[in-house]
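Taking it in order: structure first as structure tokens, then the write-up.
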Amino acid sequence: MRAWSVLVTGANGEIGHGLITRLAQAGRSIVTIDIVPLEPALSRLVRREFVGSITDVRLLERILAEFEIDLVFHLAALLSTRSEFTPVTAHEVNVEGTLCLLEFAHHEGESHGRPVVFLYPSSIAAYGLPDLETKMRAKRVREDEWNTPTTMYGCNKLYCEHLGRYYARHYKQLAADTTAGRVDFRCVRFPGLISALTTPSGGTSDYAPEMIHAAAKGEPYACFVRPDTRIPFMAMPDAIDALQLLASVPRERLTRTAYNLTAFSPAASDIGDTVGRAFPHATITFEVDQKRQRIVDSWPAEVDDTAARRDWGFAPRYDFSRAFDEYLIPTIRERYLA
Ligand code: SER
């Protein structure tokens with residue numbers, strides 16, 4: 000019998016942490032790529048760890064030769080704030096890197112004859128509302144609305160959704176033997192993610208996780224957006240559940256390439272108040288960075304996730320209160336006490 004493996008890129012990142020643990024619990028053989036070595040606790044869970052770039056075609060060829068991959072979680076990316084400082088590097092990693100991975104998946108599918116399920120986390124950054132007034136009027140934004148991102152990262156994500164759709168359905172459509180369908184591309188548009196175990200770096204939704212982790216560590220925090228700022232968020236365990244669920248659902252149930260996901264849409268002040276109640280010594284202030292604020296103001300306050308719920312049964316376990324009371328606060332407390 001074939002030993003199928005799952006490939007995780009950006010494995011050492013926020014989503015990678017939770018995902019690798021879950022895949023290992025499910026007994027999967029895991030191969031990883033990250034530009035930095037995995038933390039030892041994660042490293043122990045994987046069959047093979049490659050330290051290198053996703054744009055290194057030689058490295059991908061080696062993986063192709065050594066492993067039979069039937070599932071890819073392509074998590075590696077430069078987030079939205081960082082990408083604004085280095086847009087060309089962002090394009091290299093976020094777009095050219097994704098193109099390399101799609102080619103890799105296509106060739107894997109060709110070599111072992113089974114479509115490679117390719118999970119791609121896109122983002123609310125794929126949206127771009129022109130101003131705050133439009134954002135407040137927009138209500139729950141559907142997947143096909145406001146696809147005019149203002150950030151390099153958002154443009155990269157939206158384009159890669161299309162690249163994935165191209166590989167899945169139209170790849171080399173003029174060739175004599177058309178070979179589309181080797182890649183079974185599936186994509187979610189994540190809201191801001193909040194993990195109790197890690198803090199993100201280089202994102203613009205980072206104010207939420209940063210506020211919580213700073214309070215737990217007893218450090219003051221100056222939130223870089225206005226108290227009334229509202230975007231959707233989700234607790235990390237729900238994000239991992241969603242990726243795994245979408246990976247396992249029969250292809251014929253899917254009616255879209257990219258699915259909105261959401262769990263709760265608190266104002267920044269709601270997060271601050273809840274954190275302040277849990278950690279009474281927390282010092283949270285608001286010092287607005289107008290430029291980062293503009294980015295968050297271009298993202299929807301709420302998204303419509305009806306398609307994900309209908310097509311593949313997405314149903315987050317954590318609403319705002321449960322996320323804080325049952326996941327974030329107890330886990331973070333324990334983490335910093337340890
Ligand atoms: N969390 C991401 C960022 O802030 C958005 O998907 O860049």
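Each residue of the sequence shown is one higher than the one before, starting from 0 at the first, in numbering that gives the first Met the number 0. The beta-carbon is built from N, C-alpha and C at its ideal position, and this holds for glycine as well.
When distances are taken from the beta-carbon of Leu74 to the heavy atoms of the ligand SER, even the shortest one reaches 7 Å or more.
With contacts defined by Cβ atoms closer than 8 Å, Leu18 and Phe72 form a contacting pair. At a cut-off of 4 residues, the continuous stretches assigned as alpha helix (DSSP H) that sit fully inside the stretch 58-112 are 79-84, 86-89 and 96-111. Secondary structure remark: continuous beta strand (DSSP E) runs of at least 3 residues inside the stretch 145-215, in chain order: 182-189 and 191-193.
Going by C-alpha positions, Leu118 is about 11 Å away from Glu160. At a Cβ-Cβ threshold of 8 Å, Tyr126 and Pro315 do not count as neighbours. In the three-state reduction of the DSSP assignment, Val116 falls in the strand class. In the structure shown, the three-state DSSP call for Val35 is coil. Asp303 has its alpha-carbon roughly 16 Å from the corresponding atom of Thr133. Ile283: member of the beta strand (DSSP E) spanning Ile283 to Phe285, first to last residue.
When the alpha-carbon of Asp227 is set against those of Glu218, Met233, Thr197 and Asp272, the nearest one is in Asp272. Less than 8 Å divides the Cβ of Asp310 from the Cβ of Arg252.
Secondary structure at Ile53: coil, using DSSP grouped into helix, strand and coil. Under the DSSP assignment, Ala23 falls in the alpha helix (DSSP H) whose first and last residues are Glu13 to Gln24.
In the three-state DSSP reduction, Tyr258 falls in the strand class (E or B).
For the ligand SER, no non-hydrogen atom lies closer than 7 Å to the CB of Gly15. Take Ser4, set aside five residues on each side of it, and the residues of its chain with a beta-carbon closer than 6 Å to its own are Ser28, Val30, Phe66 and Ile68, in chain order.
Put simply, of Ser320, Asp176 and Leu128 the residue whose alpha carbon is nearest the alpha carbon of Val295 is Leu128. Per DSSP, Leu6 lies in no alpha helix (DSSP H); the unbroken beta strand (DSSP E) holding it starts and ends at Trp3 to Thr8. Between the ligand SER and the CB of Thr203, the shortest heavy atom gap is smaller than 7 Å. The Cβ neighbour count for Lys156, taken over all protein chains shown within 10 Å, is at least 16; the residue is labelled buried.
In this structure, the straight-line span from the alpha carbon of Cys222 to that of Leu22 is close to 34 Å. Residue pairing for Ser28: DSSP places it in a beta bridge opposite Ser4. Taking 7 Å as the cut-off, one finds no heavy atom of the ligand SER near enough to the beta carbon of Gly96. Cβ contact annotation for Leu100 (same chain, cutoff 8 Å, sequence separation greater than five): Thr8, Ile53, Leu59, Val71, His73 and Phe117, in chain order.
Taking the Cβ atoms as the reference, Met235 lies roughly 7 Å from Ile193, within the contact range of under 8 Å.
In terms of CA proximity to Gly26, Arg46 leads the group His111, Glu91 and Arg46. Within 7 Å of the C-beta of Ile123 there is at least one heavy atom belonging to the ligand SER. Nearest Cα to Arg43 within the set Leu162, Thr284 and Thr20: Thr20. As a beta-bridge residue in DSSP terms, Met233 pairs with Leu192.
Distance from Val287 to Arg225 at the Cβ level is roughly 6 Å; contact confirmed, criterion being Cβ atoms closer than 8 Å.
Counted as a single uninterrupted DSSP element, the alpha helix (DSSP H) harbouring Tyr335 occupies residues Ile328 to Leu336. With contact defined as three or more Cβ pairs closer than 8 Å, the stretch 74-86 and the stretch 188-205 are in contact. DSSP places Ala221 inside the beta strand (DSSP E), whose first and last residues are Tyr220 to Cys222. Its chain contains Leu101, Ala104, His105, Gly108, Pro114, Val115, Phe117, Gly163, Tyr166, Ala167 and Tyr170 as the residues whose beta carbon lies nearer than 8 Å to that of Val182, once the 5 sequence neighbours on both sides are disregarded; these appear in chain order. With a cutoff of 7 Å, Gly191 counts as near the ligand SER, since its C-beta is closer than that to a heavy atom of the ligand.
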